[in-house]
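S.K.: Protein chains in written order, with the working numbering: chain A, 8 to 17; chain G, 1395 to 1609. Glycine residues also receive a C-beta, built at the ideal position from the N, C-alpha and C atoms. Since this is a predicted model, take the numbers as computed values, not measurements. Below: one structure in structure tokens.
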């Protein structure tokens, strides 16, 4: 989903 | 991946390596807050639950595993290593950190991207990371004298946060519709907590003297 894909940072 | 984000990740990694080096080389964890290290272990475990559900890149997965493993290794050393554990400053490391865990979780229940287990835990980890350094800063202030490796550890940890802010500014300017409200706000709070430490770190660096924090 879009929201989870936003967590591309550590 | 921009240069600020990479610099942030590398200073973060360097800070952890410095801490492991200090513990390994001196067989001592004096000056290191076990509570802060335990909070970081909690932060990484709850944030990287997506290791099992989302794949972003090899780099991303590798770094996540390194952060979880290294934080657990540090906690293990401080609790169970027969030599290292003896140097733990137990009587100075008395910050009530369960309060931080509870407050971060409560905030995550209120402010999150989406009301799901993974997203609430993700927000929780962001809030907890913002304040996880507090027991360490309190410990340093109480012990007064800060050894070089521990001082550099905190310095690089603070540098990592500063680079992440530059990374968000860069992404905001270059990526359409880029927003990071939760991480951005928490990141600014987290970096601000280092301001005092940075001030004294630079003074000691400028004067080429040992880092001392005022009581």
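1) Exposed or buried, which one is residue 1607(G) when buried takes at least 16 other CB atoms within 10 Å?
2) Could you pull the DSSP bridge partners for residue 1606(G) from this structure?
3) Quick test of your reading: residue 1507(G) and residue 1439(G), contact by CB under 8 Å. State the CB separation rounded to the nearest angstrom.
4) Select from the stretch 1473-1495 of chain G all residues with a C-beta closer than 8 Å to any C-beta belonging to chain A, and list them in chain order.
5) Using a Cβ cut-off of 7 Å, pull out every chain A residue sitting near residue 1462(G), in sequence order please.
6) Compute the Euclidean distance between the alpha carbons of residue 1427(G) and residue 1485(G), then round it to the nearest angstrom.
7) Could you please tell me which residues of the stretch 1418-1452 of chain G, in chain order, have their CB closer than 7 Å to any CB of chain A?
8) Within 10 angstroms of the Cβ of residue 1601(G), are there 16 or more other Cβ atoms? Answer buried if so, exposed if not.
9) Would you report the Cα separation of residue 1431(G) and residue 1437(G), rounded to the nearest angstrom?
10) Could you tell me the distance, in whole angstroms, from the CA atom of residue 1433(G) to the CA atom of residue 1510(G)?
11) Determine the extent of the alpha helix (DSSP H) in which residue 1496(G) is found, giving its start and end residues.
12) Between the stretch 1406-1413 of chain G and the stretch 1453-1472 of chain G, are three or more C-beta pairs nearer than 8 Å?
13) List the residues of chain A whose Cβ lies closer than 8 Å to the Cβ of residue 1399(G), in chain order.
M.R.: So, to answer that:
1) The count along the second chain starts at 1 and reaches residue 1607(G) at position 213. Flag for residue 1607(G) reads buried.
2) For the purposes of this step, residue 1606(G) is identified with residue 212 of the second chain, where counting begins at 1. According to DSSP, residue 1606(G) bridges with 1539(G).
3) If you number the second chain from 1, residue 1507(G) lands on position 113. If you number the second chain from 1, residue 1439(G) lands on position 45. That belief does not hold up - the Cβ atoms of residue 1507(G) and residue 1439(G) are roughly 19 Å apart, past 8 Å.
4) none
5) Taking the second chain and counting its residues from 1, the one referred to as residue 1462(G) is at position 68. Here the premise fails: no neighbours, minimum Cβ distance about 11 Å.
6) For the purposes of this step, residue 1427(G) is taken as the residue at position 33 of the second chain. For the purposes of this step, residue 1485(G) is taken as the residue at position 91 of the second chain. C-alpha separation (whole angstroms): 11 Å.
7) 1444, 1448, 1450
8) Residue numbering aside, residue 1601(G) sits at position 207 when the second chain is read from its first letter. With fewer than 16 other Cβ atoms within 10 Å, it is exposed.
9) One-based indexing of the second chain puts residue 1431(G) at position 37. One-based indexing of the second chain puts residue 1437(G) at position 43. The alpha-carbon atoms of residue 1431(G) and residue 1437(G) are separated by roughly 10 Å.
10) Locating residue 1433(G) in the second chain gives position 39, where the first residue counts as 1. Locating residue 1510(G) in the second chain gives position 116, where the first residue counts as 1. About 22 Å.
11) One-based indexing of the second chain puts residue 1496(G) at position 102. Taken as a continuous stretch (DSSP letters only), the alpha helix (DSSP H) holding residue 1496(G) covers 1491-1504.
12) The stretch 1406-1413 of chain G is in contact with the stretch 1453-1472 of chain G.
13) In the second chain, the residue the question calls residue 1399(G) occupies position 5. Here the neighbours are 16.
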